[in-house]
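In what follows, a single structure is set out as structure tokens and then discussed.
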Amino acid sequence: MKDGVNGVALGVFVFFFLAVTVLGFLASRWRKAENEHSLDEWGLGGRSFGTWITWFLLGGDLYTAYTFVAVPAAIYAAGASGFFAVPYTILVYPLIFTFLPRLWSVSHRHGYVTTSDFVRGRFGSKGLSLAVAVTGILATMPYIALQLVGIQAVLDVMGVGGGEDTNWFVKDLPLLIAFGVLAAYTYSSGLRAPAMIAFVKDTLIYIVIAVAIIYIPIKLGGFDEIFAKAGEKYTAAGAGGLVPAPAGQWTYATLALGSALALFMYPHSITATLSSKSREVIRRNTTILPLYSLMLGLLALLGFMAIAAGVKVTNGQLAIPQLFEDMFPDWFAGVAFAAIGIGALVPAAIMSIAAANLFTRNIYKDFIKPDATPEQETKVSKLVSLLVKVGALVFVLTMDKTVAINFQLLGGIWILQTFPALVGGLFTRWFHRWALLAGWAVGMIYGTLAAYGVASPTQKHFGGSAKEIPGIGEIGYIGLTAFVLNVVVTVILTFALKAVKAPDGIDETTPADYTADAGDPGVEVELPPATAGTSH
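The sequence shown begins at 303 in our numbering and counts up by one.
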């Protein structure tokens, strides 16, 4: 580790940071709408993005600061088991090809802004809609915090902020500045800001990975040498070498499957989806997004390279930033750090907008001020987006940084429990609204309690996301076990409630809503934004 501040790397980092800040504020003038005071405009970019803009936005769901920092860090610490992120992103695209176009169509027809809007309209249940909204907000908060942790990891490696004995305000001032800039341009420009910045972000990421996968192995003696040194480390640590032990295969498989099911349940994924201008844009994106999975596999190899390069860090999240600082010339290390930093800003902005839209549409409008005007909705959403980011910042500044990843994994357990209501509702109206709510509650309670009981060397509770699967005896992903319980309870209670003819709610959608495209007659939203999506 180099002593002091890396001035050259910091200069390059600041240059790119200032560039995207300017873009963030200029985005408010991009595709300027006649009426900016609506969630369609501020929160969904006017539902006007084409294939490539949507591709860059959705790519932010994969290539966040978490991807750059945590995926290779998991491989650095635990070996090939950290590669679970690669198969789950391969699994997710055929899955979303089946349901995202349907969600776009029905949302476009009825003016839905959030997943909870759809759930309320489909099942006629504000209670179920509230459960989905609260889950989305809770799951998103630690995800935003993780992006700020990524920025902080880069700043630490560059030597910015001083040492451990430095006054807390001085030490955290760079992160506070980054947070302030993010909050300001998100408030000003809405979803247009991350959409514009995503071009810079993804270009930098592709350049850094392409260079790293060629340049670093040359310096380290080739991939044979890299894998040999990594294998020696894992064998010495009792991890059984590069390949996970048979006992870990259930964990690997269930974590990959559960993560694939959960990824597009997150509010920010849906926000990026609904911002597109047509159903065909979504279908095309599901076919070209796997390009990101290819790059993710290459990125994961950086974990092995960090071992071969002799990187030593007490916090695994610093391994890849430290690898870049050790191996790259200072100027290109700055480019790599900028890729990580901007890779945090884009998804953090989308996430805060998505969480704010959930609060505004499905808590504020449904339960606090039903007669809210579109202008009031937009104002509330802007303010809540600031509060969400403040909450994430407090989380980062007051808790151990290693906790952030585990709480993000807990968020994955929670968000997976919305799958039956959202995806199930897109294909069938058979599930009963009360059964879905009960299944959600069972999944949430089991998942939270099971995760609470998992310990790690650094944490007594919430130390991981894998535990013994009841009745099977294998160690598996808690979120998937909770999801199975959720579905079982939902199916059994649906049979029971239908048998006693319990009120089933009013479905405001029609079969034609789920296959309509923007150019089809009657597809354009006919309801004013203040009432669009409300139950009849």
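Think of the CB as a built atom: it goes at the ideal place given N, C-alpha and C, for glycine as much as any other residue.
For LYS521, the uninterrupted alpha helix (DSSP H) segment begins and ends at 494-522. In this structure, SER687 sits away from ILE652, with a CB-CB distance that is not shorter than 8 Å.
Considered as a whole, the region 744-780 harbours 768-770, 777-779 as its complete beta strand (DSSP E) runs of no fewer than 3 residues, in chain order. The three-state reading of DSSP puts PHE733 in coil, since its state is none of H, G, I, E or B. Contact between the region 419-438 and the region 806-814 is present: three or more C-beta pairs spanning the two stretches fall below 8 Å. Counting only runs of 4+ residues, the alpha helix (DSSP H) found wholly inside the region 642-711 occupies 676-700, in chain order.
Secondary structure at PHE351: strand, using DSSP grouped into helix, strand and coil. For SER383, DSSP assigns no beta-bridge partner whatsoever. Separation of TRP354 and THR575 (C-alpha to C-alpha, rounded to the nearest whole angstrom) is 12 Å.
The alpha-carbon of LEU457 is positioned some 8 Å away from that of PRO476. Shown here, SER427 sits in coil according to DSSP, grouped into three states, outside any helix or strand. Nearest neighbour of GLY745 by Cα position, chosen from PHE318, GLY693, LEU782, turns out to be LEU782. The DSSP-derived three-state label of SER561 is helix.
For TRP344, the enclosing alpha helix (DSSP H) has its first and last residue at 341-344. Distance from the CA atom of ARG411 to the CA atom of LEU738, rounded to whole angstroms, is 24 Å. Residue burial is scored here from C-beta neighbours: GLU527 has fewer than 16 other C-beta atoms within 10 angstroms and is therefore classed as exposed. Rounded to the nearest angstrom, the gap between the Cα atoms of MET597 and ALA641 is 14 Å. With a cut-off of 8 Å on Cβ pairs, the region 341-352 is in contact with the region 671-691, counting three or more such pairs.
The residue from VAL459, ALA818, HIS339, THR616 with its alpha-carbon nearest to that of GLY306 is VAL459. In the DSSP assignment, ARG585 falls within the unbroken alpha helix (DSSP H) covering 581-590.
Put simply, the region 623-637 does not touch the region 398-416. Fewer than three CB pairs are less than 8 Å apart. Here SER330 carries a helix assignment [DSSP, helix/strand/coil].
Pairwise C-beta distances place the region 617-632 out of contact with the region 393-401, as fewer than three of them are shorter than 8 Å. Segment contact: the region 742-760 against the region 708-716, three or more CB-CB distances shorter than 8 Å; contact assigned. Straight through space, the alpha carbons of TRP736 and LEU430 are spaced by roughly 8 Å. For SER577, the secondary structure class from DSSP, reduced to helix, strand or coil, is coil. Here the alpha carbons of LYS691 and ALA376 stand approximately 26 Å from one another. Counted as a single uninterrupted DSSP element, the alpha helix (DSSP H) harbouring LEU625 occupies residues 621-629. Annotation: TYR414 to ALA818 spans about 14 Å, alpha carbon to alpha carbon.
Taking 8 Å as the cut-off, the Cβ atoms of THR416 and PRO569 count as close. A straight-line Cα-Cα distance of about 14 Å links SER490 and GLU677. Taken atom to atom, the span from the alpha-carbon of SER561 to that of THR573 is near 19 Å. Cα atoms of ASN664 and LEU484: separation of roughly 25 Å, rounded to the nearest angstrom.
Within its own chain, the residues whose Cβ lies closer than 8 Å to the Cβ of VAL756, once the five positions on either side in sequence are excluded, are HIS763, PHE764, GLY765, GLY766, SER767, ALA768, LYS769, ILE780, listed in chain order. The C-beta separation of LEU448 from TYR368 comes to about 5 Å, placing the pair in contact by the 8 Å criterion.
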